[in-house]
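Read the structure below first, then the notes.
There are 2 protein chains.
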Amino acid sequence: MKSPKKPTKKRAYHHGDLKDQLVAAAEAIILERGVDGFTLREAARRAGVSPAAPAHHFKDAKGLLSEVALRGFKDFGDALDAGDKRGGVDPQARLREQGMAYVKFALANPARFQLMFRAGKFDYAYPGLADAGMRAQGILARAVHAAYGIPDGEPLTPDANGFLLATWSIVHGFAHLALGGELDGSAQGKGGKRAIVESFLPLTLQHLPVPKVPRKP
Amino acid sequence: MKSPKKPTKKRAYHHGDLKDQLVAAAEAIILERGVDGFTLREAARRAGVSPAAPAHHFKDAKGLLSEVALRGFKDFGDALDAGDKRGGVDPQARLREQGMAYVKFALANPARFQLMFRAGKFDYAYPGLADAGMRAQGILARAVHAAYGIPDGEPLTPDANGFLLATWSIVHGFAHLALGGELDGSAQGKGGKRAIVESFLPLTLQHLPVPKVPRKP
DNA sequence: GCAAAGAACTTAACAGCGTCCAGATAAGCT
DNA sequence: AGCTTATCTGGACGCTGTTAAGTTCTTTGC
Numbered sequence: 001m002k003s004p005k006k007p008t009k010k011r012a013y014h015h016g017d018l019k020d021q022l023v024a025a026a027e028a029i030i031l032e033r034g035v036d037g038f039t040l041r042e043a044a045r046r047a048g049v050s051p052a053a054p055a056h057h058f059k060d061a062k063g064l065l066s067e068v069a070l071r072g073f074k075d076f077g078d079a080l081d082a083g084d085k086r087g088g089v090d091p092q093a094r095l096r097e098q099g100m101a102y103v104k105f106a107l108a109n110p111a112r113f114q115l116m117f118r119a120g121k122f123d124y125a126y127p128g129l130a131d132a133g134m135r136a137q138g139i140l141a142r143a144v145h146a147a148y149g150i151p152d153g154e155p156l157t158p159d160a161n162g163f164l165l166a167t168w169s170i171v172h173g174f175a176h177l178a179l180g181g182e183l184d185g186s187a188q189g190k191g192g193k194r195a196i197v198e199s200f201l202p203l204t205l206q207h208l209p210v211p212k213v214p215r216k217p
Numbered sequence: 218m219k220s221p222k223k224p225t226k227k228r229a230y231h232h233g234d235l236k237d238q239l240v241a242a243a244e245a246i247i248l249e250r251g252v253d254g255f256t257l258r259e260a261a262r263r264a265g266v267s268p269a270a271p272a273h274h275f276k277d278a279k280g281l282l283s284e285v286a287l288r289g290f291k292d293f294g295d296a297l298d299a300g301d302k303r304g305g306v307d308p309q310a311r312l313r314e315q316g317m318a319y320v321k322f323a324l325a326n327p328a329r330f331q332l333m334f335r336a337g338k339f340d341y342a343y344p345g346l347a348d349a350g351m352r353a354q355g356i357l358a359r360a361v362h363a364a365y366g367i368p369d370g371e372p373l374t375p376d377a378n379g380f381l382l383a384t385w386s387i388v389h390g391f392a393h394l395a396l397g398g399e400l401d402g403s404a405q406g407k408g409g410k411r412a413i414v415e416s417f418l419p420l421t422l423q424h425l426p427v428p429k430v431p432r433k434p
């Protein structure tokens, strides 16, 4: 559907690779001015093109942001996967490492993360986006399945579902509070932003929920 | 066109109570179109005044939203307080009830809640806002102090602080995920929105962290 | 009792935004 | 070569927040 002609010299069009440059510009703008500070015209300006040029690569402003979110979700999934593997065979360790990876990704990629969880700023129907989002969610779900000794295909028990939600909520909430600056007050005088991830985060994850059911129901 | 208003004791100026009507309009708009869908002009339009009229009551658009957030934080604090009292003398029960109140408020007041935790949409320096925000935070902190047997004035131990953050994160994260529609997938076929608060929430709060220190030495 | 003061509001304007449209330009295809 | 198609420009439209200057009405001072 794109250009299956000659991938050898793909850049030599008119401008080069405007699409990628627009994505890069968008991420930079969000980083500097926040998600709400993003404007399509500014992205075009930074790429050196007219305000109408992006329309040839993205349906509209939401389209560009959708592409940014998509790439974010892919990397996010990779980070969670890496954390999961780091946890080895112990479900508890897998969950802990995933939690660390979850929050660390959020703090290391504030622009993307804030966009990714801002429904309305992008189209969930953008090609590939729903898949990437569900993949990330599935990584956590699989670890919960393992923790409760439930085969991957089967549905979770109510309690296991509550456990999943609690775990998800705690890491998501922590990331959200940290990015929102809600924790800055407590972190003041204790090392600031660094203290949040190095001190507060481990201390918080120590209180991650524990599965209420041994491996055998 | 001139609607008969009830000025009661206050003077019925030109329009009446434009300030309150602007606040009401703002809340309605946020409810209908989301926080990002709010525009100052639309609020003025609904109040039946020109786009420049709000400037006489609020410094700018952020000023109006600050007033909305302020009223939200006040009610939020009241809700948390009520939950705390509902918990009686048992710190665990107090925390559980506060958690329920926290999420229920968010789901019952989605417009306000989403605004309240959207730094950048309002001025934190708006008169009374910081106080109202800290009051709400303090309610949770006091229950944690009680759970760990630490006098109210003294600082929390590192573990107690982690416990506070974990508790806050879990309810905040749940509210955020629920409002973002992130839970709709799982809730489908199980009762939708109602299932979230009636089924998922209690199940999740069952996994609230437990203080790692016995209350009395 | 009446004019001065000032609060509440309007009208008009400005710059910036997203998006649509008609044209220009350059690259690839036959 | 000619033709087609992708890419980008320039201008326009209606929307936004905010400011400046002018108008209408309420309150206050004398």
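Protein chains in written order, with my numbering: chain A, 1 to 217; chain B, 218 to 434. All C-beta atoms, glycine included, are put in the ideal place defined by N, C-alpha and C.
- For H56 of chain A, the secondary structure class from DSSP, reduced to helix, strand or coil, is helix.
- Closest in alpha carbon position to G34 of chain A, among A:V210, A:L65 and A:R96, is A:L65.
- A direct Cα-to-Cα measurement between F322 of chain B and K291 of chain B gives close to 12 Å.
- By the beta-carbon neighbour count (other beta carbons within 10 angstroms, threshold 16), E314 of chain B is buried.
- Listed by position along chain B, the residues whose Cβ is nearer than 9 Å to that of D36 of chain A are D253, R335, G337 and K338.
- Against D159 of chain A, the close residues of chain B are L420, Q423 and H424, in the order they occur along the chain (beta-carbon pairs closer than 9 Å).
- Sequence-distant Cβ neighbours of E27 of chain A in its own chain, meaning closer than 8 Å and more than five residues away, are V68, A111 and R112.
- When the Cα atoms are used, K276 of chain B and L40 of chain A turn out to be separated by approximately 28 Å.
- A Cβ-Cβ distance of about 20 Å is found for the pair D152 of chain A and K212 of chain A, leaving them out of contact under the 8 Å criterion.
- By the Cβ neighbour-count rule, M351 of chain B is exposed, with fewer than 16 other Cβ atoms within 10 Å of its own.
- Contact between the stretch 108-127 of chain A and the stretch 81-90 of chain A is absent: fewer than three C-beta pairs spanning the two stretches fall below 8 Å.
- Boundaries of the alpha helix (DSSP H) harbouring H145 of chain A: L129 to Y148, taken from the DSSP string.
- The alpha-carbon separation between S403 of chain B and D131 of chain A amounts to approximately 16 Å.
- Beta-carbon to beta-carbon, G294 of chain B and V388 of chain B are separated by about 15 Å, too far to satisfy the 8 Å threshold.
- Judged by pairs of C-beta atoms under 8 Å, the stretch 139-156 of chain A does not touch the stretch 407-416 of chain B, as fewer than three such pairs exist.
- Contact of F200 of chain A with chain B is assigned, a C-beta pair being separated by under 9 Å.
- Taken through DSSP and simplified to helix, strand or coil, F417 of chain B comes out as helix.
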